[in-house]
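Quick note, the sequence shown lines up with residues 0 to 200 if you use numbering that gives the first Met the number 0. So the structure is just underneath, and the comments pick up after that.
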Amino acid sequence: MLYSTCMRTADCKRTTGETDISLKLNLDGTGKAAIRTGHAFFDHMLHLLARHSLIDMELNAVGDLEVDAHHTIEDTGIVIGDTILRALGDKKGIHRYGCAYVPMDETLCRCVIDISNRPYLEFRAPQGAADAPNMPLSLTVEFCRAITNNLRCNLHIEVFYGMDGHHIAEAVFKSLAHALRQAIEQDPRTAGIIPSTKGAL
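Here it is in structure tokens:
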């Protein structure tokens, strides 16, 4: 991977035998997004992630979609998580924690995040929860796992209930976006302070 950082922005390019992904992002943006992954539903979810987190994203991903969407979705999560981490720098002044409940028609989802440098994902959904028409819920979980491991955050997502797979996926991405927005925002009361009694995250 190649990176460059300036303020709370970062660029990344990651190429493997399965995917070729480039990303530019600005943590202090307005949620503008230019997303191209070759997977229309995933593009829709990433637009939601950008808009509701207020992170500007320019993302291009070319993957082996002829196999399936797994590599493209997982590797995009790797790149997004790692690039956000690099854009955060030393994490001075951030809120660190975020929590959001998002309803989507019959669906309700909660996301809680701690940008702690200790990656751990807890993802809960009702047994037999519906898939989106062309994106299994398992791939939403893989995306969240990739974000968790590469942003190095503690991420808890729970789908309390829901019947429509599209609504479930959308509630997950929107709740993640709102929780992430809270966590990465800078708190003027703690400017220049790392939000940990350890003095480091």
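For glycine and all other residues, C-beta sits at the position ideal for the given N, C-alpha and C.
Alpha-carbon to alpha-carbon, residue j and residue i
i	j	result
V158	E105	11 Å
G191	T14	35 Å
I79	P194	23 Å
T8	A86	5 Å
Y160	C108	8 Å
V171	E57	21 Å
D42	D63	16 Å
G37	T196	44 Å
G30	A68	25 Å
N133	T139	11 Å
L136	E17	21 Å
A19	E184	Checking the displayed sequence, the identity of residue 19 turns out to be Asp instead of Ala. Near 30 Å, if we compare the C-alpha coordinates of E184 and D19.
C201	T189	Nothing can be reported for residue 201: it is not among the residues displayed for the chain, which extend from 0 to 200.
R35	K12	14 Å
L47	G88	24 Å
L53	T147	19 Å
M44	Q126	22 Å
V101	D81	25 Å
Proximity winner among the options, relative to residue i (alpha-carbon distances)
i	options	result
E204	V111, D130, A129	A question about residue 204 goes unanswered here, because the residues of the chain that appear run from 0 up to 200.
G198	G92, T18, L175	G92
A145	T71, P135, L200	T71
N25	T189, I167, I83	I83
Cβ pair residue i, residue j closer than 7 Å
i	j	result
G28	D10	no
T75	A60	yes
A39	G97	no
R95	P118	no
G164	A131	yes
A33	A49	no
E169	E73	no
A176	H51	yes
N153	D113	yes
A128	I167	yes
L22	K90	no
Buried/exposed call for residue i, threshold 16 Cβ in 10 Å
i	result
V66	exposed
K173	buried
C5	Note that C5 has pLDDT 47, beneath the 50 cutoff, so the model's placement of it is unreliable and the number below is only indicative. So C5 ends up on the exposed side.
R180	buried
D186	exposed
M103	buried
S115	buried
M162	exposed
Contained beta strand (DSSP E) runs [length at least 3] in the stretch 76–131, N- to C-terminal order: 96–103, 106–113, 119–123
Mind listing, in chain order, the continuous alpha helix (DSSP H) runs of no fewer than 4 residues lying wholly within the stretch 125–176? 136–150
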